[in-house]
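Novice: First the structure, then my questions, so here it is.
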Amino acid sequence: MCSTSAAPQVTTSASIVRVVLDVPLDREFDYLNPGLVIKVGNRVVVPFAGRQLVGIVMALVNETDIPLHKLKAVLQVFDDVPLDTASFKLLRFCADYYHYPFGQTVLSSLPLRLRQIKPAVSRKMWLYHLAQAVPDALIGKRQQVLARLLALLQQHAECSEAMLAAVSATWRKALQPLLDGGYVNRREVIATRPSMPASAQIPELNDEQAAAVEAILGRLHGFQPWLLFGITGSGKTEVYIRLLEKVLADPQSQVLIMVPEINLTPQLESRFRSRLSEYALVTLHSHLSESERLQNWQAAQSGAARIVIGTRLSVFTPMPHLKLMILDEEHDSSYKQQDGMRYHARDVALVRAKQHGVPVVLGSATPSLESWYNATGDQEHAGGRKPIYRLLTLNKRAVSQATLPRIFCIDTAHPPPEAGLTPLLKQAIEQRLQRGEQSLLFINRRGYAPVLHCSACQWLADCRRCSAKAVLHLRQRVLRCHHCGDEQPIPLQCPSCGNPDLRPVGQATQRIEETLQQVFPQARVARVDRDTIQAKDALTTLLSEVHAGEIDILVGTQMLAKGHDFANLTLVGVLDTDSALYSPDYRASERLFAQLMQVAGRAGRGEKPGEVLIQTAFPQHPLFAALREQNYAEFAQALLQERMAMQFPPATYIAVMKAEATEYALVNQFLTEFSLAARAYVDQHAATLPDQPLIYDPVRPGLARLNRMERGYVMMQSAHRNALQQLLQVAVAWVRAHPLQAKIRWVLDVDALEY
Ligand code: ADP
Ligand code: ZN
Ligand code: ZN
Numbered sequence: 027m028c029s030t031s032a033a034p035q036v037t038t039s040a041s042i043v044r045v046v047l048d049v050p051l052d053r054e055f056d057y058l059n060p061g062l063v064i065k066v067g068n069r070v071v072v073p074f075a076g077r078q079l080v081g082i083v084m085a086l087v088n089e090t091d092i093p094l095h096k097l098k099a100v101l102q103v104f105d106d107v108p109l110d111t112a113s114f115k116l117l118r119f120c121a122d123y124y125h126y127p128f129g130q131t132v133l134s135s136l137p138l139r140l141r142q143i144k145p146a147v148s149r150k151m152w153l154y155h156l157a158q159a160v161p162d163a164l165i166g167k168r169q170q171v172l173a174r175l176l177a178l179l180q181q182h183a184e185c186s187e188a189m190l191a192a193v194s195a196t197w198r199k200a201l202q203p204l205l206d207g208g209y210v211n212r213r214e215v216i217a218t219r220p221s222m223p224a225s226a227q228i229p230e231l232n233d234e235q236a237a238a239v240e241a242i243l244g245r246l247h248g249f250q251p252w253l254l255f256g257i258t259g260s261g262k263t264e265v266y267i268r269l270l271e272k273v274l275a276d277p278q279s280q281v282l283i284m285v286p287e288i289n290l291t292p293q294l295e296s297r298f299r300s301r302l303s304e305y306a307l308v309t310l311h312s313h314l315s316e317s318e319r320l321q322n323w324q325a326a327q328s329g330a331a332r333i334v335i336g337t338r339l340s341v342f343t344p345m346p347h348l349k350l351m352i353l354d355e356e357h358d359s360s361y362k363q364q365d366g367m368r369y370h371a372r373d374v375a376l377v378r379a380k381q382h383g384v385p386v387v388l389g390s391a392t393p394s395l396e397s398w399y400n401a402t403g404d405q406e407h408a409g410g411r412k413p414i415y416r417l418l419t420l421n422k423r424a425v426s427q428a429t430l431p432r433i434f435c436i437d438t439a440h441p442p443p444e445a446g447l448t449p450l451l452k453q454a455i456e457q458r459l460q461r462g463e464q465s466l467l468f469i470n471r472r473g474y475a476p477v478l479h480c481s482a483c484q485w486l487a488d489c490r491r492c493s494a495k496a497v498l499h500l501r502q503r504v505l506r507c508h509h510c511g512d513e514q515p516i517p518l519q520c521p522s523c524g525n526p527d528l529r530p531v532g533q534a535t536q537r538i539e540e541t542l543q544q545v546f547p548q549a550r551v552a553r554v555d556r557d558t559i560q561a562k563d564a565l566t567t568l569l570s571e572v573h574a575g576e577i578d579i580l581v582g583t584q585m586l587a588k589g590h591d592f593a594n595l596t597l598v599g600v601l602d603t604d605s606a607l608y609s610p611d612y613r614a615s616e617r618l619f620a621q622l623m624q625v626a627g628r629a630g631r632g633e634k635p636g637e638v639l640i641q642t643a644f645p646q647h648p649l650f651a652a653l654r655e656q657n658y659a660e661f662a663q664a665l666l667q668e669r670m671a672m673q674f675p676p677a678t679y680i681a682v683m684k685a686e687a688t689e690y691a692l693v694n695q696f697l698t699e700f701s702l703a704a705r706a707y708v709d710q711h712a713a714t715l716p717d718q719p720l721i722y723d724p725v726r727p728g729l730a731r732l733n734r735m736e737r738g739y740v741m742m743q744s745a746h747r748n749a750l751q752q753l754l755q756v757a758v759a760w761v762r763a764h765p766l767q768a769k770i771r772w773v774l775d776v777d778a779l780e781y
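Counted the way the numbering used here counts, the sequence shown spans residues 27 to 781.
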């Protein structure tokens, strides 16, 4: 373990072991030590409510409030110490801030294998390094293998067995005398998959990139948040690579890079691997097998992995030599966990960087309004908030010939689209086909059609379990709910009036794909959505087909919007986003703008200029005006003013108490009592709270019924984080003691993004 780990406190006497468990009770549990060697931080197996559970030892104590004869004994101890002091500090912060039981916070941060009753085995490997200069006399003239091994060891700080074996099959025999003589040493580390250097050409940084790299490298020591605001294709990734090269030159360093969904951007991992092949790199995401995940996690936790690339959960990975954190696409909502502890990985990353005293770089072409506010402050109000992040801007596309695409709206009022496509968009696709260029059509709805409709009685197919429409999936011949996954057969006639003529209404990916195949029979069309790329490597395969020019038209959802770099793609068509323009959700326009900027960013990344055509019934909408100018800064500033005026985040902080039950009456009763109790607390403590949080009446969310559960929520809001936190602490204790809490399901969502 590293120097920051908990001081091992060994006990062999029958003292008391205090552990945390993965149970929804916000407390620690005491057990007797039957004479095992147990350290703080160890994993132990203990009996709990008739089961055996894995717990983490928090403390070894001599006293407990529980009568000794009632204490049960620890059953088993594993010798690994998965979490260090720094990890506990971060997890403690999260448990407090998100008001989630500490034991569950701790255990859920670990790979599944460490939560199972099994020793944590891992594959190891040896690394060799030169310990002292080797006198020439030791190397005979004929010992060419040894000379080459030595050259390799001189070039690299450490060499793996694979690197040495590449020199000669007899490397072991040749090297043995140097090991025996103490000239070469080796150490055993957790094994990682080696990266292969690739002959990637290393571009010369442009002025903006160079300035960004220099600024960040100038403040490597100590906590410093940066917002790297760079348009799509401006070379943010290149900036990250340069930072890593410098930071990793120190052998006692590790870097954590976070990405929204790694399996959507396989290019990113290979770019880091080929440019930084010297350094052990591991990934952490949900597409790994449990044993790979454990192996990679241990490589990070032991310090063997120097680069960790992971999704939101990786923010908790212990890294003893963490020196820098990077969060790419920081605006992406997949950083917010939507079940269990509802943490936001960006916010946790900020806390972690502060606790470790390291810089954190947030990168985006369309920063979240939260980060934008933190980086620009309140520019409108005198004496308003000062910026707390440093802002770095990349305004130009990095490839010198590449320019930002031109963006146009196509008015769908006249002439109206046929089967979802306007004549202008069809012409544009036709042109691309003739020129041998690629097109991408973006529609954020998968399936065949969003509704199945009876024109005789206006019946619409609903999900049987949710207050939502069932989406028609023609290929699988089912109606499927995208909220709960329920599937039902497609009715042969209207269940309400018997009319056999049921029609699909509206467009979704499958239907557009079908239309494109009819309109352009010679074109090679591919569809990308959750339904087509469920298999692990399906997306990678498809992306390489796109790069190889084997596909002419791509149809897909937002999965296609992120990070991909297709040099020959010159047209992006946006099919139907109008519903988001007038959504009641105040975040809808921020999200839509980000999404459209991202998807537009896929066009014209190579040397050919790109064009983006947006089909809309509202071409005059101000969002499109801002989009056409591709001026995110101005748009964000306007949105921010709106949020300030309306007192929505980030001008204020919110938390949402969500509840659900089979009957809404129960939910309503619970939430009504909750809001009254919360208001009573605020009224009573008006004098001492830094601000009086607002507590709204219970309301039902847009999706009022989900999976047969009736839902409701109470929103709490305050301009002061601390005032809200004080209220939440009392409110959660109130809920835990409330008799109704056994009959309903509840969850507190701090900084909620969705209701
Ligand atoms: P972003 O992460 O901002 O979308 P990338 O780092 O992926 O941008 O860069 C976009 C493209 O430009 C990549 O193909 C990359 O190799 C290239 N690139 C980046 N920086 C430079 C540079 N300074 N000169 C030339 N090409 C560059
Ligand atoms: Zn009908
Ligand atoms: Zn459903």
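C-beta: ideal position from N, C-alpha, C; glycine also.
Between Thr419 and Leu231, what straight-line distance do the alpha-carbon atoms span, to the nearest angstrom?
Specialist: Reading the sequence shown from its first residue, position 393 is the one you call residue 419. Reading the sequence shown from its first residue, position 205 is the one you call residue 231. Taking the straight line from one Cα to the other gives about 14 Å.
Novice: Spatial neighbours of Leu175 within its chain, please: CB distance less than 7 Å, with the 5 preceding and 5 following residues excluded, ordered by chain position.
Specialist: The residue labelled residue 175 in the question sits at position 149 within the sequence shown. Here the set comprises Leu190, Val193, Trp197, Ala200 and Leu201.
Novice: Would you verify that the beta carbon of Pro526 is, or is not, closer than 8 Å to some beta carbon of chain B?
Specialist: The chain inventory of the structure shown lacks chain B, comprising one protein chain alone.
Novice: For the beta strand (DSSP E) holding Asn211, just list the boundary residues, first then last.
Specialist: Indexing the sequence shown from 1 puts residue 211 at position 185. Looking at the DSSP string, the run of the beta strand (DSSP E) that includes Asn211 is Val210 to Ile216.
Novice: Tell me which residues share the same chain as Leu417 and place their Cβ nearer than 7 Å to its Cβ, disregarding the 5 neighbours each side in the sequence.
Specialist: Within the sequence shown, residue 417 is the residue found at index 391, counting from 1. Answer for Leu417: Leu253, Phe255, Ala401 and Thr402, listed in chain order.
Novice: I'd like to check one pair, Asp709 with Ala745: are the Cβ atoms closer than 8 Å?
Specialist: Counted from its first residue, the sequence shown places residue 745 at position 719. Counted from its first residue, the sequence shown places residue 709 at position 683. Against a cut-off of 8 Å, the Cβ pair of Asp709 and Ala745 comes out as no contact.
Novice: Report buried or exposed for Cys120, applying the criterion of at least 16 other Cβ atoms within 10 angstroms of its Cβ.
Specialist: One-based indexing of the sequence shown puts residue 120 at position 94. With 16 or more Cβ atoms within 10 Å of its Cβ, Cys120 is classed as buried.
Novice: What residue from Val638, Gln427 and His370 has the CA that sits closest to Ile436's CA?
Specialist: The residue given as residue 436 occupies position 410 in the sequence shown. Closest by alpha carbon: Val638.
Novice: Is Ala238 closer than 8 Å to Val273 when the C-beta atoms are compared?
Specialist: Within the sequence shown, residue 273 is the residue found at index 247, counting from 1. Within the sequence shown, residue 238 is the residue found at index 212, counting from 1. No, they are not a contact pair.
Novice: Any heavy atom of ligand 3 closer than 7 Å to the Cβ of Ala487?
Specialist: If you number the sequence shown from 1, residue 487 lands on position 461. False, no ligand heavy atom lies under 7 Å from that Cβ.
Novice: Quick check on Cys483: does DSSP put it in helix, strand or coil?
Specialist: The residue you call residue 483 lines up with position 457 of the sequence shown. Three-state result, Cys483: coil.
Novice: Cβ of Ala730 versus every heavy atom of ligand 3: is any distance shorter than 7 Å?
Specialist: Taking the sequence shown and counting its residues from 1, the one referred to as residue 730 is at position 704. Ala730: no, Cβ never under 7 Å from ligand 3.
Novice: Note the first and the last residue of the continuous beta strand (DSSP E) segment covering His155.
Specialist: In the sequence shown, residue 155 corresponds to position 129, counting from 1. It spans Lys150 to Leu156 - the beta strand (DSSP E) in which His155 sits, taken as one unbroken run.
Novice: For the alpha helix (DSSP H) that Lys351 lies in, which residues bound it at each end?
Specialist: Position 325 of the sequence shown, counting from 1, holds the residue named residue 351. According to the sequence provided, residue 351 is Met. The question's Lys does not apply to it. No alpha helix (DSSP H) contains Met351, which is instead part of the beta strand (DSSP E) from Leu348 to Asp354.
Novice: Assuming Thr429 contacts Gly630 under a Cβ cut-off of 8 Å, what Cβ separation, rounded to an integer in Å, is found between them?
Specialist: Indexing the sequence shown from 1 puts residue 429 at position 403. Indexing the sequence shown from 1 puts residue 630 at position 604. About 6 Å separates the two Cβ atoms, so the contact holds.
Novice: Could you please go through the chain and list the residues whose beta-carbon is closer than 6 Å to any non-hydrogen atom of ligand 4?
Specialist: Inclusion of ligand 4 in the displayed structure is not the case, the ligand content consisting of ligand 1, ligand 2 and ligand 3 alone.
Novice: Which of helix, strand or coil does DSSP assign to Gln464?
Specialist: Residue mapping note: residue 464 aligns to position 438 of the sequence shown, counting from 1. Here Gln464 sits in strand by DSSP.
Novice: Going straight from the alpha carbon of Arg168 to that of Ile283, what length do you get?
Specialist: Your numbering for residue 168 matches position 142 in the sequence shown. Your numbering for residue 283 matches position 257 in the sequence shown. Using only the alpha carbons, I get a separation of about 46 Å.
Novice: Excluding the five sequence neighbours on either side, which residues of its own chain have a C-beta within less than 6 Å of the C-beta of His347, listed in chain order?
Specialist: Locating residue 347 in the sequence shown gives position 321, counting from the first residue. Correct list, in chain order: Gln278, Ser279, Gln280 and Gly329.
Novice: Report yes if the CB atom of Phe674 is closer than 8 Å to the CB atom of Gln464, and no otherwise.
Specialist: Locating residue 674 in the sequence shown gives position 648, where the first residue counts as 1. Locating residue 464 in the sequence shown gives position 438, where the first residue counts as 1. The answer is no: Cβ separation not under 8 Å.
Novice: Count the other CB atoms within 10 Å of the CB of Gln544; is the residue buried (16 or more) or exposed (fewer)?
Specialist: Here residue 544 refers to the residue found at position 518 of the sequence shown. Classification for Gln544: exposed.
Novice: Determine which residues share a DSSP beta bridge with Arg44 and list them.
Specialist: Along the sequence shown, read from residue 1 onward, the residue named residue 44 stands at position 18. DSSP lists Asp56 and Ala85 as partners of Arg44.
Novice: Check whether the Cβ of Ala496 lies closer than 7 Å to any heavy atom of ligand 2, and answer yes or no.
Specialist: Position 470 of the sequence shown, counted from the start, is the residue given in the question as residue 496. No - ligand 2 has no heavy atom lying nearer than 7 Å to the Cβ of Ala496.
Novice: What does the alpha-carbon distance come out to for the pair Gln519 and His479?
Specialist: Position 493 of the sequence shown, counted from the start, is the residue given in the question as residue 519. Position 453 of the sequence shown, counted from the start, is the residue given in the question as residue 479. Approximately 11 Å, taken between the alpha carbons.
Novice: Beta carbon of Trp323, beta carbon of Thr309: below 8 Å?
Specialist: Mapped onto the sequence shown, residue 323 falls at position 297. Mapped onto the sequence shown, residue 309 falls at position 283. Cβ distance not < 8 Å, so Trp323 and Thr309 don't count as in contact.
Novice: Evaluate Gln170 with the Cβ neighbour count: other Cβ atoms within 10 Å of its Cβ, from every protein chain shown; 16 or more gives buried, anything less gives exposed.
Specialist: By one-based count along the sequence shown, residue 170 stands at place 144. Result: exposed.
Novice: Quick one: what does DSSP say Glu780 is sitting in, helix, strand or coil?
Specialist: Position 754 of the sequence shown holds residue 780. Coil at Glu780, not helix or strand.
Novice: How about the stretch 557-574 and the stretch 601-613: do they share at least three Cβ pairs that are nearer than 8 Å?
Specialist: No: fewer than three Cβ pairs fall under 8 Å.
Novice: State the Cα-Cα distance for the pair Gly248 and Leu270, rounded to the nearest angstrom.
Specialist: Here residue 248 refers to the residue found at position 222 of the sequence shown. Here residue 270 refers to the residue found at position 244 of the sequence shown. Roughly 17 Å separates the two Cα atoms.
Novice: Look up Phe74 in the DSSP assignment and say whether it is helix, strand or coil.
Specialist: The residue you call residue 74 lines up with position 48 of the sequence shown. Correct three-state label for Phe74: strand.
Novice: So what's Asp827 in DSSP terms, helix, strand or just coil?
Specialist: There is simply no residue 827 to check, as the chain begins at 27 and stops at 781 in what is shown.
Novice: Go through the stretch 287-375 residue by residue and report every complete run of the beta strand (DSSP E) that reaches 3 residues or more, in order.
Specialist: Within the stretch 287-375, the complete beta strand (DSSP E) runs of at least 3 residues are 307-310, 333-336 and 348-354.
Novice: Using 8 Å as the cut-off, can you tell me whether the stretch 447-465 makes contact with the stretch 575-585, which would need three or more C-beta pairs spanning the two stretches below that distance?
Specialist: The answer is yes - the stretch 575-585 touches the stretch 447-465, with three or more Cβ pairs under 8 Å.
Novice: Please classify Asp555: is it buried, with 16 or more other beta-carbons within 10 angstroms of its beta-carbon, or exposed?
Specialist: In the sequence shown, residue 555 corresponds to position 529, counting from 1. Result: buried.
Novice: When you compare only the Cα positions, how much space is there between Arg734 and Glu444?
Specialist: Sequence index remark: in the sequence shown, residue 734 carries index 708 (1-based). Sequence index remark: in the sequence shown, residue 444 carries index 418 (1-based). If you take the alpha carbons of Arg734 and Glu444, they lie about 37 Å apart.
Novice: Could you give the distance in angstroms between the alpha-carbon of Val45 and the alpha-carbon of Arg762?
Specialist: Your numbering for residue 45 matches position 19 in the sequence shown. Your numbering for residue 762 matches position 736 in the sequence shown. If you take the alpha carbons of Val45 and Arg762, they lie about 21 Å apart.
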